[in-house]
Structures are given as C-alpha cells and as structure tokens.
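Residue numbers (my numbering): 38 to 94.
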C-alpha cells in the first residue's frame, strides 16, 4: 500500500482533482526513490571496485 510503503501522510488536496494530483505525485516520488536507490548502489559498487584494487601480482 502506498501510504505505508511511501511514508505518506494525509492528503490535503481538495476534491477529485486533488486525489488525481496526489496519485501522480505518489507515483513520481516512488519512481524517484527507486532511481536514487539504483544510483547509490551503482556509486557504492563503483567506488568499492576502484578503491580496493587487487595487489599487483
């Protein structure tokens, strides 16, 4: 459920249009969190790979 998974509070937007806007913003926020998580995972893995290189053989 978006309210528990997305850490959402009360919807203060009024009416049917407010519900539509809230749904769009919830989806956008969810996608941004997914992109940020993927970017941070890439950044950490890249940093780890470049920082800890194997000792020359």
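We treat Cβ as the ideally placed atom computed from N, Cα and C, and that holds for glycine.
Since this is a predicted model, take the numbers as computed values, not measurements.
Item, Value
"Please state whether DSSP places residue 90 in a helix, a strand or coil.", "coil"
"Less than 7 Å between the C-beta atoms of residue 50 and residue 61, yes or no?", "no"
"According to DSSP, simplified to helix, strand and coil, what is residue 50?", "coil"
"Rounded to the nearest angstrom, what separates residue 81 and residue 89 at their Cα positions?", "12 Å"
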